[in-house]
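Count the sequence shown with the UniProt record's numbering and you get residues 1 to 373, in order. Cβ coordinates follow ideal geometry from the N, Cα and C atoms, glycine included. Read the structure below first, then the notes.
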Amino acid sequence: MPLGSDPLSELAIPDGTTVEEHDLVTDGDVIIGGQSTIEFGVRGRSVIADERVRFGGNIEAEGDCRLDMWCDVADNVLVGEDAYIGERVHIGGELRVAGDLDIGDDVDIENGFEANGWIVIRNPMPTIVFLFVYLSQLLRIGEDDAAQDLVEEMLGEDDDQQPILVPRGASVSDDAWRVSTPATIGDDCRLHGNVRAESLEVGRDNVIFGSLRGREDVVVGKGTEIKGDVTTRNGDVRVGPGAKIWGDISASTVELHENATVDGKIRASDGTRMHTDEVLSRPDESAAAMAEMAEELEGDSDTTEPDTDDATADDETDEDATADSPADTEPSDSADDDTTDSADDDTTDSVETDTTGDSGESAAAEDAAEATE
């Protein structure tokens, strides 16, 4: 994400986010803008809340937790690493921190706190101010790459799991998710409540127990169920393959996939169009996974093929050697047989001739001996 962009300019719900028993659950981080209200409890990797954020349940963070000034948590705060609690924060339960604790003045913790690391009583710098000062110092000394890395680390852009981003002044509850910015919902999510935003993009295979309402365009991805109405004031509605809308659709133009289902009525002032295309520009995770798997298999086959070829070549060489040796043996055997036969015949002839010659020389020697006597 470029440094000049606002990371909290939209409501972003990453893949696999669920609402379980009034808790908002994700595998990634949770970043919440100031003056927001989260009626759920929150469970995630790290939880960062700007000033005056109110939580209606527990906070459970596997990593760090940072609550800026005037935050209010209705129940317990459980932190797996370090915690930064700004001044005048109210916690209705207890605070348990596995690492170090930085805590400000006038913090009200009704059931006490416990930390396994260092406890420092001071006013931690507000998150936004801290990030701004840190980034400005990095940029001032010319460390642009380090600043970019910091932004990507804070926003989880290098991780497989993107963070939940809640913009400033948002209201999230079992009844409704209300923001004044665009909203993007990932794949395989299960959410409760009506979603109200400037525009909406809902991913694939989601289940939303509520309706969608936006001022601009609304897009519903493949296989998603919306158990309510889909309404836009000034934009269009696009519905992907296999999606099911349990209520009505109201928009200027409705683009409906031929395999989608709408149980209610369709109201389109500029008409309705059937299509057979995908409605989302984001990559299909299943297709990407299949492509990645195919590439891995292809890579494995590529890495295996030379060995196979070598092995095959070796086998062929062995086979050729094996095949050639009988072939070579057979001609050599026949050649050896012919040579042996001819050699034997020649040897026999020579032997016979030599034998005759030897017998003649023996007779001449005997005659010479008798003449001497």
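Residue i vs residue j beta-carbon contact at 8 angstroms
i: asparagine 111; j: alanine 98; result: no
i: threonine 224; j: alanine 243; result: yes
i: valine 202; j: valine 219; result: yes
i: glycine 86; j: leucine 101; result: no
i: glutamate 258; j: threonine 276; result: yes
i: glycine 63; j: arginine 45; result: yes
i: aspartate 188; j: aspartate 29; result: no
i: serine 252; j: glycine 228; result: no
i: proline 163; j: isoleucine 31; result: yes
i: glycine 221; j: arginine 233; result: no
i: alanine 170; j: glycine 33; result: yes
i: aspartate 263; j: histidine 22; result: no
i: cysteine 65; j: valine 47; result: yes
i: valine 107; j: valine 89; result: yes
i: serine 211; j: glycine 247; result: yes
i: valine 166; j: leucine 280; result: no
Backbone CA spacing between residue i and residue j [nearest angstrom]
i: isoleucine 226; j: asparagine 206; result: 8 angstroms
i: phenylalanine 40; j: glutamate 20; result: 9 angstroms
i: aspartate 75; j: valine 254; result: 44 angstroms
i: alanine 49; j: aspartate 145; result: 26 angstroms
i: serine 199; j: arginine 213; result: 8 angstroms
i: histidine 192; j: leucine 139; result: 42 angstroms
i: glutamine 137; j: glutamine 148; result: 13 angstroms
i: isoleucine 249; j: leucine 78; result: 43 angstroms
i: arginine 168; j: alanine 176; result: 16 angstroms
i: threonine 18; j: leucine 135; result: 33 angstroms
i: arginine 238; j: glycine 104; result: 49 angstroms
i: serine 9; j: threonine 181; result: 6 angstroms
i: threonine 37; j: valine 172; result: 6 angstroms
i: aspartate 307; j: aspartate 27; result: Model confidence at aspartate 307 stands at a pLDDT of 47, short of 50, so the residue's coordinates are unreliable and nothing is read from them.
i: valine 25; j: glycine 92; result: 20 angstroms
Extent of the continuous beta strand (DSSP E) run through residue i
i: aspartate 23; result: 23-25
i: residue 374; result: With the chain covering 1 to 373 only, the question about residue 374 has no answer from this structure.
i: glutamate 114; result: 113-115
i: cysteine 65; result: 65-67
i: isoleucine 103; result: 101-103
i: glycine 214; result: 212-214
i: arginine 96; result: 95-97
i: serine 250; result: 249-251
i: leucine 256; result: 254-257
i: isoleucine 141; result: Note, isoleucine 141: premise wrong, no beta strand (DSSP E); not H, not E.
i: arginine 273; result: 272-275
i: glycine 267; result: In the sequence as displayed, the identity of residue 267 is arginine instead of glycine. It spans 266-268 - the beta strand (DSSP E) in which arginine 267 sits, taken as one unbroken run.
i: leucine 165; result: 164-166
i: alanine 12; result: 11-13
i: alanine 260; result: Where alanine 260 is concerned, there is no enclosing beta strand (DSSP E), given that its DSSP letter is neither H nor E.
Beta-ladder partner(s) of residue i, from DSSP
i: glutamate 20; result: Asp23
i: tryptophan 177; result: Val172, Val195
i: glycine 41; result: Asp23
i: glutamate 60; result: Arg43, Leu78
i: leucine 200; result: Ala183, Val218
i: arginine 233; result: For arginine 233, which the question treats as bridged, DSSP gives no partner whatsoever.
i: glutamate 225; result: Val207, Lys244
i: aspartate 108; result: His90
i: valine 120; result: Asp102
i: alanine 49; result: Ile32, Leu67
i: valine 279; result: Per DSSP, none; premise fails for valine 279.
i: aspartate 72; result: Arg54, His90
Any non-hydrogen atom of the ligand FAD closer than 7 angstroms to residue i Cβ
i: serine 171; result: You won't find the ligand FAD in this model; it holds no ligand whatsoever.
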